[in-house]
Every structure is written in C-alpha cells, then in structure tokens.
Amino acid sequence: MDGRMGTLIEPSADPAEYFPFLKEHPGYDSTTKAENLDRLIAARDAGELMVASAPAYIRFEPSAHCNLRCCWAHRRPKHPALRPRGNASPKLAARVVGQVGDCLYQAILCHWGEPTLNPQLPEIIQVFHQAQIYTTFDTNMILMTEDLAARLIDAGLDAVSASIDGVSQAAYGQYRVGGRVADALAGLRHVVEQRRHSGRRNPRVRWQFLVFPHNAHEVDEAARLAADIGVDVFDALPAGGRRWTPEAGFIPYEKPRRPEGLLCRDPWTYLAVDWDGAVHLCCRAFQARHVAGHMDTQTLREVFDGEKFQLARRVIRDGIWNEHDGPTPCTGCNKVKLFTPGIAALGHVLTVENE
54 MDGRMGTLIE PSADPAEYFP FLKEHPGYDS TTKAENLDRL IAARDAGELM VASAPAYIRF
114 EPSAHCNLRC CWAHRRPKHP ALRPRGNASP KLAARVVGQV GDCLYQAILC HWGEPTLNPQ
174 LPEIIQVFHQ AQIYTTFDTN MILMTEDLAA RLIDAGLDAV SASIDGVSQA AYGQYRVGGR
234 VADALAGLRH VVEQRRHSGR RNPRVRWQFL VFPHNAHEVD EAARLAADIG VDVFDALPAG
294 GRRWTPEAGF IPYEKPRRPE GLLCRDPWTY LAVDWDGAVH LCCRAFQARH VAGHMDTQTL
354 REVFDGEKFQ LARRVIRDGI WNEHDGPTPC TGCNKVKLFT PGIAALGHVL TVENE
C-alpha cells in the first residue's frame, strides 16, 4: 500500500482497522456504513464481480487544474487522451451524498488537480461534513491564505496533507516545477495558526516529503521545521519507485513479495468522481478511455457494478485480459503488472507521455 491518505489497510471486521480515524472520531461510523463495508469485504474475499453495494469511500475531484508542472504530472492539458479540465460544484458533491452518502466513511477531495484552485472548496467540504463523512485532501499549499485556511476549518475539514519536498528553493523546485517553497511553507503555517486560533483539534495536518537524491539531505531539516511549525505528522517517503530509509539512505531495488490474496482491493471498496461527474476506477485512472461511467446517465451504484468495474475485478482476480474486453487502467498498473507476467507482457502504460 502507498502513503496516500485514505488508503485501506489489511482486512478486519472492525471498521476502525480500515479507517483509523474512527478511533478518534467514532461519530463517523454508523450501522449502515458498517453493514455496507461487511458486504464489500465478503464480495472481495469471494472474488465476486458484482458487489451490489455502495463504495465505502470515494475520491472526489474539486479541480482538474494545477498551478505547478511536477515531472510526474500529466502536463499536456490539451492532449486528446486526457479528460477536460474544470472545477466541481457543491451541487455535484450533494448529488454524491444523496446517492451513496449514507455508506461513505470518507471523501478524499483531490485527484490529479490542485484542490485549492476551486474557490468553492470550503462549500464542497461542508456538504460532505454535514453528511457525517470524514473529509481530507492533499495540496501543494502554495495558494493557502489565512482566509482560505479559516474557511476550510469552519467548513469542517478533518485532515490535510501538504506536499512539500524540500526547504530550500534549489531542492524544492526540481520536482515542484513553478512553485516557491516560501509560499508553500507560508501556507502550511496559515493552516496550523488558524487551527490554533479556532480552538479546534481539526484539521489534522501532515507534511509529506517525497525523497529524491536531490533533496534527501534536507529531510532532517524539514522534520525539525515541521515540529517548529506545529504539524501533527511528518512523513518522508521514497519517490519514483526507489527504496529509502532515514538510516540507510537509498537502497538497491528488490522486487517485493507478492501480497497474499488479491493484488489490489480498490475496485471492491471505492471509486473516483471527476469534477464533471465522470467516474473512474481509482486515482491511477485519468484518461478519457478509462471513464467507467457518468453521473449524468447512471447512479454511482450502477457504475460501481458496471462493466468497467467488473472487468477490473476480473483482471485482478484472474490475471487475464483480452483485447475484446476493452481498456482498463489495471493492465497498466504496477500493483498488477509486477506479479502477473501475462499482464506485464502487454506493455500497457498509465501515462500520455509515451503515446
């Protein structure tokens, strides 16, 4: 599993083992949510292609725009393989809540864009918060002002993760192209300070530092700065498929052990809603050909058991894909390719840079 906020952990009958925030926020649990989660677990463990349930959590995209040009990002906004850019509305969030809100534990309010580019982000958060759904998002923090931080806190934001990969401009700017580290750190301070002024415990503030060879020497300084600012968690994570630990530095890559059971559990547990109501399988799907359905013509429950989701579940369960099946991001995802020679041999990729 990766370090993204909201990723599920190993199965357990206790919802808090899937969603650790429930240990501190039990009010986000309910009988309806727990029963829905049980059905998803049973369908996943049985390898069923149809779950006849709602997702347990979602990824909701406030904005498909971004203010940076990070080297891993998909930097061709007009590339025909990509979907159009835009901002979501609180009305779309309300439609999501109306359809599956009673089963959702969490809404992760980010996808491939920068959430703070949507001026209605606080209103979107409020929609989910009022429905007793835990809200969180990742941000580069560059656009975070005192006023925006205060509005997000008032809306009920539960957690936020700041993506800041350096403390000097020289190190930070190599990956976060077009950004100023001073602006990002100022935004981080605004959130912590406004939380303190509000007298609230939330949002939980996390600093995520992606470690590359060019910035590894700044990890310790960043950790000290995070403590000085008052963030709750500082995470230094290896980037680009590398292996790294604070003690040993960069380590030669070794193929990990095959996980027990299914190679990926995502298609049985969640879905992603784009800014315009298009639905994707997961955060790794962003191309137009990977759209699994659309809220203009289907309900989220219908999409969740539709052809695209059934295909993904079968590819993951059986490790087999045929050309007549149509496209699925699972055949280009390392979670599957790494341990399935037949899928790996297809050579499918999840990037537009190679097309």
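Residue numbering for the sequence shown follows this note's numbering, beginning at 54 and increasing consecutively.
Ideal placement from N, C-alpha and C gives every residue a C-beta, glycine not left out.
Nearest to residue i by CA position, among the options, is which residue?
i: L364; options: D191, P320 and C119; result: P320
i: L157; options: E167, Q185, W297 and C335; result: Q185
i: G232; options: I161, D67, D285 and L196; result: L196
i: R366; options: L263, R253, A96 and P172; result: A96
i: F303; options: F339, F190, R148 and F265; result: F265
i: R311; options: P299, D371, R257 and T393; result: T393
i: L90; options: L241, A208, L102 and Y71; result: Y71
i: D207; options: T189, V234, I178 and N193; result: I178
i: G154; options: E167, S142 and P108; result: P108
i: A269; options: Y228, T198, P256 and H164; result: Y228
i: P168; options: G395, V230, C123 and F113; result: F113
i: T350; options: M194, A331 and G151; result: A331
i: N193; options: I94, H347, R259 and N375; result: R259
i: Y187; options: Y110, K388, D281 and I282; result: Y110
i: A289; options: N171, N387 and A215; result: A215
i: I373; options: G395, I217 and L353; result: G395
i: R318; options: F339, A280, I94 and A397; result: I94
i: H243; options: E376, G219, L201 and D218; result: L201
i: C123; options: D218, L162 and A280; result: D218
i: A146; options: V368, E376, L353 and A397; result: L353
i: T322; options: N375, E77, K76 and A87; result: A87
i: T198; options: Q247, D211, C163 and A212; result: Q247
In angstroms, rounded to a whole number, what distance separates the CA positions of residue i and residue j?
i: N140; j: C119; result: 11 Å
i: G313; j: D98; result: The sequence given here has Glu at residue 313, not Gly. Taking the straight line joining both Cα atoms gives about 11 Å.
i: H182; j: P305; result: 44 Å
i: A223; j: L121; result: 16 Å
i: R57; j: D378; result: Bear in mind that a pLDDT of 35 at R57, under 50, signals an unreliable position, so the number given afterwards is only what the model happens to contain. When rounded, the distance between both Cα atoms is 30 Å.
i: E360; j: Q261; result: 36 Å
i: D329; j: A301; result: 45 Å
i: W297; j: G151; result: 43 Å
i: Y225; j: R295; result: 18 Å
i: L278; j: R92; result: 44 Å
i: V414; j: L315; result: Limits of the chain in this structure are 54 at one end and 408 at the other, which puts residue 414 out of reach.
i: P175; j: D371; result: 42 Å
i: A249; j: T384; result: It should be pointed out that residue 249 corresponds to Arg in this sequence rather than to Ala. Straight-line Cα distance between these residues: approximately 46 Å.
i: T84; j: P68; result: 11 Å
i: L391; j: D191; result: 27 Å
i: E355; j: A239; result: 43 Å
i: P143; j: A325; result: 16 Å
i: S65; j: A235; result: Because the pLDDT at S65 is just 49, under 50, the model does not fix this residue reliably, and the point stays unresolved.
i: E101; j: V368; result: 12 Å
i: H78; j: V213; result: 16 Å
i: E271; j: P299; result: 11 Å
i: A280; j: E274; result: 10 Å
Using a 10 Å radius around the Cβ and a threshold of 16 neighbouring Cβ atoms, would you call residue i buried or exposed?
i: V286; result: exposed
i: H333; result: buried
i: V402; result: exposed
i: L399; result: exposed
i: R23; result: With the chain covering 54 to 408 only, the question about residue 23 has no answer from this structure.
i: A341; result: exposed
i: A105; result: exposed
i: D327; result: buried
i: S221; result: exposed
i: R136; result: buried
i: G252; result: exposed
i: A237; result: buried
i: G346; result: buried
i: P73; result: exposed
i: G80; result: exposed
i: E376; result: exposed
i: G293; result: exposed
Spatial neighbours of residue i within its chain, please: CB distance less than 7 Å, with the 5 preceding and 5 following residues excluded, ordered by chain position.
i: M103; result: D358 and Q363
i: P380; result: R342 and H343
i: R337; result: P382, C386 and L403
i: H267; result: A224 and Q227
Return the chain-ordered list of same chain residues with a C-beta closer than 6 Å to the C-beta of residue i, the five sequence neighbours on each side being excluded.
i: A276; result: F287
i: A160; result: I111, F113, F181, I186 and T188
i: L170; result: S116 and H118
i: W165; result: F339
Tell me which residues share the same chain as residue i and place their Cβ nearer than 8 Å to its Cβ, disregarding the 5 neighbours each side in the sequence.
i: V284; result: A215, L241, V245, V258, R259 and W260
message: Ignoring anything shorter than 3 residues, give me the beta strand (DSSP E) runs that lie fully in the region 274-339, in order along the chain.
response: 286-291, 296-298, 302-304, 323-326 and 331-333
- request: For the region 230-259, list the alpha helix (DSSP H) runs that are entirely contained and at least 4 residues long, ordered along the chain.
  value: 234-251
task: With a floor of 3 residues, list each beta strand (DSSP E) that falls wholly inside the region 94-150, ordered by position along the chain.
output: As for any beta strand (DSSP E) of minimum length 3 sitting wholly inside the region 94-150, the runs are 110-113, ordered along the chain.
query: Mind pulling the alpha helix (DSSP H) runs of 4 or more residues that sit fully within the region 140-223?
result: For the region 140-223, whole alpha helix (DSSP H) runs of length 4 or above, ordered along the chain, are 143-153, 174-183 and 199-208.
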